[in-house]
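Undergrad: Its first residue numbered 1, the sequence shown is counted upward by one per residue in UniProt numbering.
Backbone N, C-alpha and C fix where the C-beta goes; we use that ideal spot for every residue, glycine too.
Because the structure is a prediction, the values reported are computed rather than measured.
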Amino acid sequence: MTAAHDDGVYAGPASLVVDDQRHPVRIRLTGHLNPFDGHYHWQGTVHDAPAEVKAGRAVVLCIGDRDAAARLLEHTAAGDLMISGTGHPPFWP
Numbered sequence: 001m002t003a004a005h006d007d008g009v010y011a012g013p014a015s016l017v018v019d020d021q022r023h024p025v026r027i028r029l030t031g032h033l034n035p036f037d038g039h040y041h042w043q044g045t046v047h048d049a050p051a052e053v054k055a056g057r058a059v060v061l062c063i064g065d066r067d068a069a070a071r072l073l074e075h076t077a078a079g080d081l082m083i084s085g086t087g088h089p090p091f092w093p
């Protein structure tokens, strides 16, 4: 089940693929078209990622049958991971 909202936010289930290992996670994502470079930039928070998944990694984020390359940026104070990507997102706002 997906939970896309009218405000361009996706909050719901996803899979995070790291080193060919698929991890079920919850995410909250949003994005925007950057007028300077013409690319769609998206970012958000990954909840429930396994402890061995570290920030600074290139990953693939999957939502349903859609996927997109992304980068894990940093851990938040709450222990979640920040994620970002450029180009076609794995959700449609």
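Consult DSSP for residue 1 and reduce its assignment to one of helix, strand or coil.
TA: Counted from its first residue, the sequence shown places residue 1 at position 1. Because the pLDDT of residue 1 is 40, which lies under 50, any placement of that residue in the model is unreliable, and the question is left without a value.
Undergrad: Counting beta carbon pairs with one atom in the segment 22-32 and one in the segment 70-79, are three or more of them shorter than 8 Å?
TA: Not touching, per the Cβ criterion.
Undergrad: Between 28, 13, 20, which lies nearest to residue 7 when the distance is taken from Cα to Cα?
TA: Position 7 of the sequence shown, counted from the start, is the residue given in the question as residue 7. That would be 28, whose Cα lies nearest to the Cα of residue 7.
Undergrad: How long is the line joining the alpha carbons of residue 15 and residue 61, rounded to whole angstroms?
TA: In the sequence shown, counting from the first residue as 1, residue 15 sits at position 15. In the sequence shown, counting from the first residue as 1, residue 61 sits at position 61. Cα to Cα, the separation comes out at about 6 Å.
Undergrad: Return the chain-ordered list of same chain residues with a C-beta closer than 6 Å to the C-beta of residue 1, the five sequence neighbours on each side being excluded.
TA: Translated into the one-based positions of the sequence shown, residue 1 becomes position 1. At residue 1, the pLDDT of 40 sits below 50, so the modelled position is not reliable; the number obtained from the coordinates is stated separately. Once the five neighbours on either side are set aside, residue 1 has no close Cβ partner at all.
Undergrad: If we count the other Cβ atoms within 10 Å of its Cβ and call it buried at 16 or more, is residue 80 buried or exposed?
TA: To locate residue 80, count along the sequence shown from 1; it is residue 80. Buried, by the Cβ-count rule.
Undergrad: Since residue 66 is in the beta strand (DSSP E), which residue starts that stretch and which ends it?
TA: What you label residue 66 is simply residue 66 of the sequence shown in a count that begins at 1. Segment 66-75, the beta strand (DSSP E) holding residue 66.
Undergrad: In three-state DSSP terms, what is residue 98?
TA: Outside the displayed span of the chain (1 to 93) sits residue 98, for which this structure offers no information.
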